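To start, the structure under review is shown below, and the notes come after it.
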Amino acid sequence: MNEMTTSQPPAEVQAGYGFWATMAEAFREPGAMVGLTIVAFITIITLASGFLEPYPLREASCPVFAPPSLHHWFGCDDGGIDVFSLVLHGGRISLLVGTCSAVIAIGLGGAIGIVSGYFGGWTDVILMRITDYFLVVPQIPLMIVIAAVWGASISHVILTIGILMWTSTARLVRSQVMSLKERSYVRRVESLGAGHTRIIFHHILPQLGPLLVANTVLAITVAIFNETALSFLGLSDPDAITWGSIMTHAFNRAAISSGAWWAIVPAGMAVALITTGGYLIGRAIEDALNPRLRISYLSPREWKLLPTAQPRKGANG
Amino acid sequence: MAKRTDYIWNRIGVAFITVFVTVAFNFVLFRVLPGNAADRIARIPNASPALRHALEVQFGLDKPLLIQFLDYLRQTAMGNLGVSFATRQPVADLLWQSFLNTIPMVSLGTVLALILGIAIGVFSAVRRGTVADHIVTAASVIFYAFPTQFLGMMILIAFSGVLPSAGMVDPFLLDNSVIGQAIDIAKHMIMPVLTLVLTLCAGNVLIVRSAMLETLGEDYILTAKAKGLSSLKIIWSHALRNAMLPITTMVAMSLSSIVTGSILVEVIFSWPGIGQALYQAVLQRDYPMLQGGFLVITIVVILFNLISDLLYYRLDPRVN
Numbered sequence: 001m002n003e004m005t006t007s008q009p010p011a012e013v014q015a016g017y018g019f020w021a022t023m024a025e026a027f028r029e030p031g032a033m034v035g036l037t038i039v040a041f042i043t044i045i046t047l048a049s050g051f052l053e054p055y056p057l058r059e060a061s062c063p064v065f066a067p068p069s070l071h072h073w074f075g076c077d078d079g080g081i082d083v084f085s086l087v088l089h090g091g092r093i094s095l096l097v098g099t100c101s102a103v104i105a106i107g108l109g110g111a112i113g114i115v116s117g118y119f120g121g122w123t124d125v126i127l128m129r130i131t132d133y134f135l136v137v138p139q140i141p142l143m144i145v146i147a148a149v150w151g152a153s154i155s156h157v158i159l160t161i162g163i164l165m166w167t168s169t170a171r172l173v174r175s176q177v178m179s180l181k182e183r184s185y186v187r188r189v190e191s192l193g194a195g196h197t198r199i200i201f202h203h204i205l206p207q208l209g210p211l212l213v214a215n216t217v218l219a220i221t222v223a224i225f226n227e228t229a230l231s232f233l234g235l236s237d238p239d240a241i242t243w244g245s246i247m248t249h250a251f252n253r254a255a256i257s258s259g260a261w262w263a264i265v266p267a268g269m270a271v272a273l274i275t276t277g278g279y280l281i282g283r284a285i286e287d288a289l290n291p292r293l294r295i296s297y298l299s300p301r302e303w304k305l306l307p308t309a310q311p312r313k314g315a316n317g
Numbered sequence: 318m319a320k321r322t323d324y325i326w327n328r329i330g331v332a333f334i335t336v337f338v339t340v341a342f343n344f345v346l347f348r349v350l351p352g353n354a355a356d357r358i359a360r361i362p363n364a365s366p367a368l369r370h371a372l373e374v375q376f377g378l379d380k381p382l383l384i385q386f387l388d389y390l391r392q393t394a395m396g397n398l399g400v401s402f403a404t405r406q407p408v409a410d411l412l413w414q415s416f417l418n419t420i421p422m423v424s425l426g427t428v429l430a431l432i433l434g435i436a437i438g439v440f441s442a443v444r445r446g447t448v449a450d451h452i453v454t455a456a457s458v459i460f461y462a463f464p465t466q467f468l469g470m471m472i473l474i475a476f477s478g479v480l481p482s483a484g485m486v487d488p489f490l491l492d493n494s495v496i497g498q499a500i501d502i503a504k505h506m507i508m509p510v511l512t513l514v515l516t517l518c519a520g521n522v523l524i525v526r527s528a529m530l531e532t533l534g535e536d537y538i539l540t541a542k543a544k545g546l547s548s549l550k551i552i553w554s555h556a557l558r559n560a561m562l563p564i565t566t567m568v569a570m571s572l573s574s575i576v577t578g579s580i581l582v583e584v585i586f587s588w589p590g591i592g593q594a595l596y597q598a599v600l601q602r603d604y605p606m607l608q609g610g611f612l613v614i615t616i617v618v619i620l621f622n623l624i625s626d627l628l629y630y631r632l633d634p635r636v637n
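Here the protein sequences come in this chain order: H and G.
So in my numbering, spot 161 of the first sequence is number 161, and the numbers just go up one at a time.
Position in the second sequence (first residue = 1) + 317 = my numbering.
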């Protein structure tokens, strides 16, 4: 009993590492708030695009490649279609592709990582060999081959991107689970007779929360990014309006030789913005999970030793 | 000692298995294509049964799948990747030519991006928290966030008219001397290489910066500082040397983005390399080219992964 009480303080420190504690710490960083604002702004605008689009998407509302003006903020494309409306509308499918692919990738990666790390043994060996293969194989060429064989459509693009993106998540989750399952609190519930399912869902998965959130956010942006690449290579649905297809279309219709940068820039900026936002959020969560990054012994400003446990002290007292 | 040689053989073995799996995957994937293989070879939608049968016999499609697979393995091992549907020329020859065109452009871009990435990343990590660091990090994140084709198009707009925008050589060049032709190729290379460097460099800066930040927090840096070593010496021989391990791994992991970047760059600037070959193969539904291109790219990536594994082993004596 005495031993139990002496090992109590570290358990309390553990509590500071819970899902919300880590998220709160991540969002204390200004970068993360900037990222969150960007992502939220784009998501809201995109969801409301039906009400915000000023001009129709399938019929001309201005001259071919008309430059930006008061009526057409982002100018017009080769068919006389308002670029502002296109970009607003394009966000829908781009975000849909990003979210669906990310959910597939993180679900698959998380499941494989947990099973592999928790059960170990042969399951681990086999699953990790498969992961190794997909980790090494060049993804875009594989996506090209699969998309070319399978046919171009948005659902195929989502599946292809999702199925090929899970590997790094699986690796990360596996190594986390391997260390988590050796922790004393997992050992204790195990000795109390908890089954594998209960341990995984009640004691391991919550600990993985922040990592999975960080990975999902990053995966969404990578998926949006990959969709633009597939679209550029002519492998996305030619009828769907996405940020990728807007750029591809402008490139194919000589926007560059016409000097019509406005047909390309808004869509590219939208991709860059959401990727930046996702990166800032993802990195802040990862940094919050890795307190070692907060120490530097070669500080340019002043020579001091930053205490590792600084934020946790605040949580205790 | 024996353990270390085991490690090398293990890595080489895994690389071979990976190549084999890709070859097998290639076989399976293109057998599940919609439609009949003979139709695709004939390129006639409604070929007569007699013609179909003749083609099937000619290409060995009437044999059992296992025999077909073994035939395919044998031919692939001998370097026969089939005949292009579009040009009726051997795929291996076409790919070899494209590959030779890809190498100078992509290797120059990758090496430049690596050198710049390490230099800027180290600078940013050492000056962490300063204005310079914030600017570098912000710029890297933004450039990292732009799609390659977007950067390429912006560069095209910026330099159109000043530099040649498409292809590798000027077909109407009158200068026949070696130097004149070399200058011509170099001019064509500026924009693709610049795009590739911009795409890859930002990622490298972020990788190097975070790897350096990790090592700068280690106790041996504190020890080195206590010994009175100069900052430059600490950075160069203590921090960067140890940061090289994670940097090697992460650069190897970004091989895939190098491949992606090169394919997009080649398509934008019509560079007659392997990415362009793959793109044309997609447009023309030229499956042997697609299959061959995918195989070649995979083998190259696996090879570089193997090299990075061996490099890691050279750098880190603790690997067993």
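Built from N, CA and C at the ideal position, the CB exists for glycine as well.
Nothing here was measured: the structure is a model prediction, and the numbers come from that model.
Simplified DSSP assignment, three categories, for Pro407 (chain G): strand
Where Trp261 (chain H) meets chain G, residues with beta-carbon distance less than 9 Å: Met470, Met471, Ile474
Of the listed residues G:Leu581, G:Gln392, G:Ile624, nearest to Glu227 (chain H) (C-alpha basis): G:Leu581
Which one of H:Val115, H:Ile106, H:Asp78, H:Ala24 has the shortest CA to CA distance from Ile199 (chain H)? H:Val115
So, with DSSP's three-state summary, where would you put Ser571 (chain G)? coil
I'd like the list of long-range same chain contacts for Thr100 (chain H), defined as Cβ closer than 6 Å, with 5 residues on each side in sequence excluded. As written in the sequence, residue 100 (chain H) is Cys, which differs from the Thr given in the question. Correct list, in chain order: Ile158.
DSSP on Leu47 (chain H), reduced to helix/strand/coil? helix
Cross-chain neighbours of Val599 (chain G) in chain H, by beta carbon under 7 Å: Ile144, Ala148, Leu233, Gly234, Leu235
Below-8 Å beta-carbon distance, Ser587 (chain G) vs any chain H residue: no
Reducing DSSP to helix, strand and coil, say where Leu480 (chain G) ends up. strand
Do Val522 (chain G) and Ser457 (chain G) have their beta-carbon atoms positioned less than 8 Å apart in this structure? yes
Whose Cβ in chain G lies nearer than 9 Å to the Cβ of Gly268 (chain H)? Phe463, Pro464, Gln466, Phe467, Leu468, Met470, Met471
I need the straight-line Cα distance from Gly278 (chain H) to Ile552 (chain G), nearest angstrom please. 31 Å
Listed by chain order, chain H residues near Thr419 (chain G) by CB distance under 9 Å: Going along chain H, no residue has its Cβ under 9 Å from Thr419 (chain G), so there is no contact; the nearest lies around 13 Å.
Contacts that Ala229 (chain H) makes with chain G (C-beta to C-beta distance below 9 Å): Pro464, Thr465, Gln466, Thr577, Ile580, Leu581
Host alpha helix (DSSP H) of His249 (chain H) (start-end): 243-252
Taking the alpha carbon of Leu208 (chain H) as the reference point, which residue from H:Arg188, H:Val173, H:Asp237 has its own alpha carbon closest? H:Val173
Contact between the region 176-186 of chain H and the region 129-140 of chain H: three or more CB pairs below 8 Å? no
Which term fits Ala284 (chain H), buried or exposed, when burial requires 16 or more other beta carbons within 10 angstroms of its beta carbon? buried
Smallest Cα separation from Leu218 (chain H): which of H:Leu36, H:Val149, H:Leu142? H:Leu36
List the residues of chain G that Ile256 (chain H) touches, going by C-beta distances under 8 Å, in chain order. Met470, Leu473, Ile474, Ser477
Can you confirm whether Phe74 (chain H), when its beta carbon is compared against all beta carbons of chain G, has any partner nearer than 8 Å? no
Arg321 (chain G) vs Leu623 (chain G) beta-carbon contact at 8 Å: no
Answer yes or no: do Gly98 (chain H) and Thr46 (chain H) have a C-beta to C-beta separation smaller than 8 Å? no
At what residue ranges does the region 128-154 of chain H contain a whole run of the alpha helix (DSSP H), taking only runs of 4 or more? 139-150
Is it right to say Asn559 (chain G) is buried, meaning 16 or more other beta carbons lie within 10 angstroms of its own, or is it exposed? buried
Just to confirm, does Val340 (chain G) get its C-beta within under 7 Å of one of the non-hydrogen atoms of the ligand ZN? Looking at this structure, you won't find the ligand ZN or any other ligand, since it has none at all.
Report yes or no: do three or more beta-carbon pairs, one from the region 421-433 of chain G and one from the region 368-387 of chain G, lie closer than 8 Å? no
What residues in its chain sit with their C-beta under 6 Å from that of Gly314 (chain H), if we drop five residues either side in the sequence? With a pLDDT of 39 at Gly314 (chain H), under the threshold of 50, the modelled position of that residue is not reliable, and the figure given next carries that caveat. Excluding sequence neighbours, Gly314 (chain H) sits near nothing in its chain.
For Val613 (chain G), which residues from the same chain have a beta carbon less than 7 Å from its beta carbon, with the 5 sequence-adjacent residues on both sides left out? Leu412, Phe416, Ile591
What distance in whole Å lies between the Cβ atoms of Phe251 (chain H) and Met508 (chain G), which are believed to be in contact at a cut-off of 8 Å? Met508 (chain G) to Phe251 (chain H), Cβ: 15 Å. No contact.
Are the CB atoms of Gly268 (chain H) and Phe621 (chain G) within a distance shorter than 8 Å? no
What would DSSP say about Cys518 (chain G), mapped onto helix, strand or coil? helix
Return helix, strand or coil for Phe119 (chain H), following the three-state DSSP convention. helix
Which same chain residues end up closer than 6 Å to Arg301 (chain H) when comparing Cβ atoms and leaving out the 5 residues on each side of it in sequence? Here Arg301 (chain H) scores only 42 on pLDDT, less than 50, and its place in the model is too uncertain to base an answer on.
Residues in its own chain within less than 7 Å of Met4 (chain H) by CB, not counting five upstream and five downstream? Caution applies to Met4 (chain H), whose pLDDT of 41 falls short of 50 and renders its modelled position unreliable; the value that the coordinates give is listed next. Nothing meets the Cβ criterion.
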